[in-house]
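Asker:
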Amino acid sequence: MLSTRWSRLSSAISSGSSHHAHSTPFFTILHNAASKAWSRRVAQNSYHYSTAHDQTADIDVGYRDLYGSGNTNPSTGITTYPKKPFRPKDRVLRQNTKSAICYLHADSLTTEDANFLDPGRCTDASSHSVPSNYDNELGTYCVWGDPLLAGYPVSLPPQPQTRRRSLSPVTSRASLYRNLTQLSCRIPPVTLPQLMDYHDLHPKAQSTRSYNLLLNMAIRTASFGSVQCLLENMAAANISRNSETHKLVIRWKIRIGAWDAAWQALTAIVHSSDIPKNDHDSVSVDQLEVLWSEFFGTLKRRSIRRKGLILTEHDTPLLVYAKRFLFLMQNRPSFSITQTKPRIIHSIAYILLQLEQQEQALQLVRTFFSHLPSQITPEFTSQCLDIIHILIVFGSRERGLKKFHEHRKILFSLLASHSTFQPNSNTLFLLLGSLRGAMQSGQLASECLASFKRRWGPEIEDRRVRLRVASLALKQGRLDISSDILADARLANEQASLSNGPSLVNQQHSSRRPRFRSIFRGIGKLEAHQIRLEKRVRDLKSTGLRRGA
6 MLSTRWSRLS SAISSGSSHH AHSTPFFTIL HNAASKAWSR RVAQNSYHYS TAHDQTADID
66 VGYRDLYGSG NTNPSTGITT YPKKPFRPKD RVLRQNTKSA ICYLHADSLT TEDANFLDPG
126 RCTDASSHSV PSNYDNELGT YCVWGDPLLA GYPVSLPPQP QTRRRSLSPV TSRASLYRNL
186 TQLSCRIPPV TLPQLMDYHD LHPKAQSTRS YNLLLNMAIR TASFGSVQCL LENMAAANIS
246 RNSETHKLVI RWKIRIGAWD AAWQALTAIV HSSDIPKNDH DSVSVDQLEV LWSEFFGTLK
306 RRSIRRKGLI LTEHDTPLLV YAKRFLFLMQ NRPSFSITQT KPRIIHSIAY ILLQLEQQEQ
366 ALQLVRTFFS HLPSQITPEF TSQCLDIIHI LIVFGSRERG LKKFHEHRKI LFSLLASHST
426 FQPNSNTLFL LLGSLRGAMQ SGQLASECLA SFKRRWGPEI EDRRVRLRVA SLALKQGRLD
486 ISSDILADAR LANEQASLSN GPSLVNQQHS SRRPRFRSIF RGIGKLEAHQ IRLEKRVRDL
546 KSTGLRRGA
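If you read the sequence shown in this note's numbering, its first letter stands for residue 6, the second for the next number, and so on.
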């Protein structure tokens, strides 16, 4: 339950929602005329658009200018509009007439095709011997015929052997799902349209699990038009949805801005029989908690190609988030705090901090940490540490040095809540960000770094922490601190590059793609930031020497 401090926020919400009720008839007539003109223009030029929002028949979002006025939900302040009439179309494979590349079905290959030998190629091993004028050191042929190389044994340089894994034939639903998973992790990576085409080649082996895999990938890559296409194909194939599918549909609607439509979908799910129910003839608490937690998500920014045709709110973002948060708290599932997952606490605490309710967020987190068991998993500990991170970023309304001291006090008090809580380099990096408004930022940052290293070891210091301390020292004018920190950072980078060099021992490479987080580590931005800091230190030192001379 929220405190009485919500009275001020509730009055602001009521005043904001009644702002649009007093509009003159002239502006109403003008708006209707503009809407009719826009609908005629879109109807004439509709063939120019084939984007992600052309097939949004499954969502109740605002095509206000195309399909007339809608209804406003008084609880959330969001307007919904009638569904767009559509006729499901069969999805065809993509064809490109300008390219000579065609799709090859691996299951259609026979044994003769796999073991094909060119009849015009010579099979004599002696004809493939290496000439005597091949330079093993240079890796080239000595066209000038050096006589000194004639006495050395000639051998080709060792070539790395690449291990290729072929796809197994699709004989069941499990084999199709296994092949889709393998294709999504191959080198080079397989795109989502190619995975959808491969999935359409086996209609009898399609399942809810395979559709959920493609839906999750489409939402993660912001391919919202592909989500609509997959849902239509799933309905046309008469494949039922499970709780994971409902969760992905709600997440998709929230990402495109259809928050009210997502809540209507959840209401329909609760009163339907699409997902398993317990003995009390209602949706289980765990399933309802997972679906309810999806509503703390936000709109996917800069991913909608066709602007102006999604749901828009007339109120300010603060009032919109406040309305939604109050609505979620009034309709939350009945679960105790001991059964709540860290993700739920993280979402609620983050919204409370955005609504400037720091005391309520801190009290909620402390209550949650006080009910934790004595033994928790490392993954659970990492999720709890993420909750602490948002409190040391948004947990104080003060500025300058007071903000740093308050954040450090909050950090130490929350770390003492459980024996497994231990800060990492990200914790120190976020805590040092509170010193950007302090006068003696460099000295305090250096002292804080030294105290953390004495208490939790040198592993708490990484490249980001060093660069932040150097930046704060430059802000204060402490060239001695910044020079020492940058020298340590450069030495640590050189040692890391030597230890993480390419290994020549393992010559076999797997066809499985590594994680994108391992490929794109984002060190280029840190390297550029370090170069700028080093250049600034050199400029300040040269300026000081010229002034001293």
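Cβ coordinates follow ideal geometry from the N, Cα and C atoms, glycine included.
Given the structure is predicted, the values throughout are model-derived calculations rather than measurements.
(1) Measuring only from the beta carbon, is Pro174 closer than 7 Å to any heavy atom that is part of the ligand GTP?
(2) Out of curiosity, what's the CA-to-CA distance linking Gly438 and Glu452?
(3) Just to check my reading of the structure: Leu396 and Leu419 have Cβ atoms closer than 8 Å, yes? What is that Cβ distance to the nearest angstrom?
(4) Can you give the Cα-Cα distance for Leu449 and Glu466, rounded to whole angstroms?
(5) Give a yes or no on whether 8 Å exceeds the smallest Cβ distance from Ser177 to chain C.
(6) In whole angstroms, what is the alpha-carbon distance linking Arg541 and Tyr355?
(7) Would you report the Cα separation of Lys407 and Ala497, rounded to the nearest angstrom?
(8) Which word fits Glu532, buried or exposed, when buried means at least 16 other C-beta atoms lie within 10 angstroms of its C-beta?
(9) Measure the Cβ-Cβ separation of Leu219 and Leu200 and say whether it is below 8 Å.
(10) Can you check the region 204-247 for any alpha helix (DSSP H) of at least 4 residues that lies completely inside it and give the ranges in chain order?
(11) Given this structure, state the Cα-to-Cα distance separating Ser189 from Tyr182, to the nearest angstrom.
(12) Would you report the Cα separation of Ala478 and Asp493, rounded to the nearest angstrom?
(13) For a test of the three-state rule: what should DSSP assign to Phe385, helix, strand or coil?
(14) Mapping DSSP to helix, strand and coil, what is Ala273?
(15) For Gly442, which of Asn431, Leu324, Lys480, Ser430 has the nearest alpha-carbon?
(16) Check His394 in the structure and name its three-state DSSP category.
(17) What are the boundary residues of the alpha helix (DSSP H) that includes Ser173?
(18) Give me the Cα-Cα distance between Pro165 and Pro208, rounded to the nearest whole angstrom.
(19) Please state whether DSSP places Met444 in a helix, a strand or coil.
(20) Helix or strand or just coil, what does DSSP make of Phe332?
(21) Write down every uninterrupted run of the alpha helix (DSSP H) in the region 404-486 whose length is 4 residues or greater and which is fully enclosed by it, in chain order.
(22) Anyone know if the C-beta pair for Ile342 and His394 falls short of 8 Å?
(23) Rounded to the nearest angstrom, what separates Val254 and Ala501 at their Cα positions?
(24) Kindly give me the distance between the Cβ atoms of Val398 and Leu435, rounded to whole angstroms, as I take these residues to be in contact under 8 Å.
(25) For Phe373 and Asn238, what's the separation of their Cα atoms in angstroms?
(26) Count the other CB atoms, across all protein chains shown, that sit within 10 Å of the CB of Asn217; report buried if there are 16 or more and exposed otherwise.
(27) Can you list, in chain order, the residues of its chain with a C-beta nearer than 7 Å to that of His423? Leave out the 5 residues immediately preceding and following it.
(28) Which of the three DSSP states, helix, strand or coil, is assigned to Ile528?
(29) If I measure Cβ to Cβ from His351 and keep anything under 8 Å in the same chain, skipping five residues before and after, which residues do I get?
(30) Residues in its own chain within less than 8 Å of Ser401 by CB, not counting five upstream and five downstream?
(31) Would you call Leu503 buried or exposed, if buried means 16 or more other Cβ atoms sit within 10 Å of its Cβ?
(32) In the structure shown, what three-state DSSP assignment does Ala354 receive?
(33) Distance, Cα to Cα, Lys546 vs Asn431?
(34) Between Thr425 and Ile381, which are expected to be in contact by the criterion C-beta below 8 Å, what is the C-beta distance as a whole number of angstroms?
(35) So the alpha helix (DSSP H) Ala366 belongs to, where does it begin and stop?
Answerer: In short, the structure shows the following:
(1) Summarising the ligand content, the structure contains no ligands, and the ligand GTP is consequently not present.
(2) Gly438 and Glu452 have their C-alpha atoms spaced approximately 14 Å apart.
(3) That belief holds up - the Cβ atoms of Leu396 and Leu419 are roughly 7 Å apart, short of 8 Å.
(4) Approximately 16 Å, taken between the alpha carbons.
(5) Of the protein chains in this structure there is only one, and it is not chain C.
(6) Annotation: Arg541 to Tyr355 spans about 37 Å, alpha carbon to alpha carbon.
(7) Between Lys407 and Ala497, the C-alpha separation is close to 33 Å.
(8) Taking all protein chains in view, the Cβ of Glu532 is surrounded by fewer than 16 other Cβ atoms within 10 Å, so the residue is classified as exposed.
(9) Going by C-beta atoms, Leu219 is nearer than 8 Å to Leu200.
(10) Counting only runs of 4 or more residues that sit fully inside the region 204-247, the alpha helix (DSSP H) segments are 213-225, 229-241, in chain order.
(11) A straight line joining the alpha-carbon of Ser189 with that of Tyr182 spans about 11 Å.
(12) Each residue's Cα considered, the two are about 14 Å apart.
(13) Annotated three-state conformation of Phe385 is helix, per DSSP.
(14) Three-state DSSP puts Ala273 in a helix.
(15) Comparing alpha carbon positions, the residue from Asn431, Leu324, Lys480, Ser430 closest to Gly442 is Lys480.
(16) Of the three classes helix, strand and coil, the one that applies to His394 here is helix, per DSSP.
(17) For Ser173, there is no enclosing alpha helix (DSSP H), as DSSP marks it with neither H nor E.
(18) With a pLDDT of 48 at Pro165, under the threshold of 50, the modelled position of this residue cannot be trusted, and the question is left open.
(19) In this structure, Met444 counts as coil in the three-state DSSP scheme.
(20) Phe332 falls in the helix class under three-state DSSP.
(21) With a minimum length of 4 residues, the continuous alpha helix (DSSP H) runs that stay inside the region 404-486 are 406-420, 430-437, 446-461, 468-481.
(22) Contact check for Ile342 against His394 fails: the beta carbons are separated by 8 Å or more.
(23) Going by the C-alpha atoms only, they are around 44 Å apart.
(24) About 6 Å separates the beta carbons of Val398 and Leu435, which is inside the 8 Å limit, making them a contact pair.
(25) Looking at the backbone, the Cα of Phe373 and that of Asn238 are separated by about 43 Å.
(26) Around the beta carbon of Asn217, 16 or more other beta carbons sit within 10 angstroms, so the residue counts as buried.
(27) So the list reads Phe374, Leu377, once near-sequence residues are dropped.
(28) If DSSP states are grouped into helix, strand and coil, Ile528 belongs with the helices.
(29) Within the same chain, His351 has close Cβ partners Gln388, Asp391, Ile392, Ile395.
(30) Around Ser401: Gln363, Lys407, Lys408, Glu411, His412, Ile415, Ser439.
(31) Classification of Leu503: exposed, given that the 10 Å Cβ count is below 16.
(32) In this structure, Ala354 counts as helix in the three-state DSSP scheme.
(33) Rounded to the nearest whole angstrom, the C-alpha separation of Lys546 and Asn431 is 31 Å.
(34) For Thr425 against Ile381, the beta-carbon gap comes to about 6 Å, under 8 Å, which counts as contact.
(35) Membership of Ala366 in the alpha helix (DSSP H) is indicated by the continuous run 363-375.
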